[in-house]
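Please read the structure below before turning to the comments.
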Amino acid sequence: MNPHAMLVSTLSLLLGTTITISSNHWVMAWTGLEINTLAIIPFISKPHHPRAIEATIKYFLVQATASALLLFSSMSNAWATGQWDITQLTHPTSCILLTIAISMKLGLVPFHFWFPEVLQGSSMTTALLLSTALKLPPITILLMTSHSLNPTLLTIMAISSAALGGWMGLNQTQIRKILAFSSISHMGWMVVIIIYNPNLTLLTFYLYTLMTTTVFLTLSTTKTLKLTTMMTSWTKTPMLNATLMMTLLSLAGLPPLTGFLPKWLIIQELTKQEMTLTATIMAMLSLLGLFFYLRLAYYSTITLPPNTTNHMKQWHTNKTTSTPVAILTSLATLLLPLSPMILTTL
């Protein structure tokens, strides 16, 4: 990509995110989301491949629909109440329309269909942006309006997302699709608790971003896109693959790794709110996610490929692991002992 275009797109992404997360007025929040959508499109369509163009069109259509719904929701609320303030969303129809719009932006069930396809058509770096940075503005809007939204609707969508993210990830062979379903599942965990403890949603999002960034950067370093190439990537960077296994298990939420903290706190908070059934269902559904993370970990580190592969042999290289990957891996696996300090910030 042309360096000037890259600079403009990157700055636009930062600007769009900043505008949305710092605005109180609906039109400003909508403007930020639109800037974000337009800024990420060059990144998705960059490879000039039919799959990339298809992913770009799907992404644009879904995001444009979601933005239109968000604008319609805020306008109908302003029409009924005379308020353009984001926190003053009181009109019932507007609340449902906003839930639908944000669910489309985040890829929550039943508006998740675009997300795995778009991630599969993008490069690893763009897929990382779509999974992490571009989820922050919609989550911020959801956070600011959480007191007005329908708890039953959000809980149903959250459980469905956790279930579908787990089930659909089981039979995938493309790693970006597996990570897309993992993202859908994690969004379910964030949304289930947003009404009762919004700070916990933010903590879950930050830790999810940390772990997903680590996984994407590691896979980008080893140039791994499918499970078959993952089997032979250990020959390139054995240490990096060993730490990738730990990060994947952390993403699955196994103690004593970082990823256990948000799941533990969410289940605890749901139990406090007398939503024991929801907590039990979410805990059971996380086992589905654990299965495919274990599968990835098994492929990356524990097994040797049983047959000869069709691609070029990948030999061990002496290239050192980049410092950001090393730091992120440490954080993505070893933050649990710091949980008392993290809890003081909630």
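With mature numbering (1 follows the signal peptide of the UniProt record, and there is no 0) applied, the sequence shown corresponds to residues -20 to -1, 1 to 326, in that order. By construction, the Cβ of each residue, glycine as well, lies at the ideal position given by its N, Cα and C atoms.
Check: For H71, the first and last residue of its enclosing alpha helix (DSSP H); Outcome: Careful: H71 lies outside any alpha helix (DSSP H) and carries neither H nor E.
Check: Cβ neighbours of L265 in the same chain (closer than 6 Å, five flanking residues each side left out); Outcome: A142, A143, G146
Check: 7 Å Cβ cutoff met for G12 and I33; Outcome: no
Check: Buried versus exposed call for L252 [16 or more other C-beta atoms within 10 Å across all chains shown]; Outcome: One point to set straight first is that residue 252 is Lys, not Leu, in the sequence displayed. Label assigned to K252: exposed.
Check: Which of helix, strand or coil DSSP assigns to S127; Outcome: Strictly speaking, residue 127 in this sequence is His, with Ser absent from that position. It is helical.
Check: Buried versus exposed, by CB contacts within 10 Å (16 or more), A60; Outcome: exposed
Check: Nonlocal neighbours in the same chain, by C-beta distance under 7 Å from L129, ignoring five residues either side; Outcome: C75, T79, I175
Check: Closest residue to L228 among M211, F272, T260 (Cα-Cα distance); Outcome: F272
Check: C-beta atoms of L49 and L77 nearer than 7 Å; Outcome: yes
Check: Contact under 7 Å by Cβ, A81 with A46; Outcome: yes
Check: Beta-carbon proximity of L220 to T301, cut-off 7 Å; Outcome: yes
Check: Contact between the stretch 223 to 237 and the stretch 82 to 102 (3+ Cβ pairs under 8 Å); Outcome: no
Check: Straight-line Cα distance separating I139 from M8; Outcome: 31 Å
Check: At least three beta-carbon pairs within less than 8 Å, the stretch 227 to 247 to the stretch 200 to 218; Outcome: no
Check: Straight-line Cα distance separating Y188 from L311; Outcome: 11 Å
Check: Proximity to L(-7) [Cα-Cα], best of Q152, I15, K38, I307; Outcome: I15
Check: Classification of G62 by the beta-carbon crowding that lies within 10 angstroms, buried from 16 upward; Outcome: exposed
Check: Span of the alpha helix (DSSP H) around W214; Outcome: Looking at the DSSP string, W214 is not in any alpha helix (DSSP H), and its letter there is neither H nor E.
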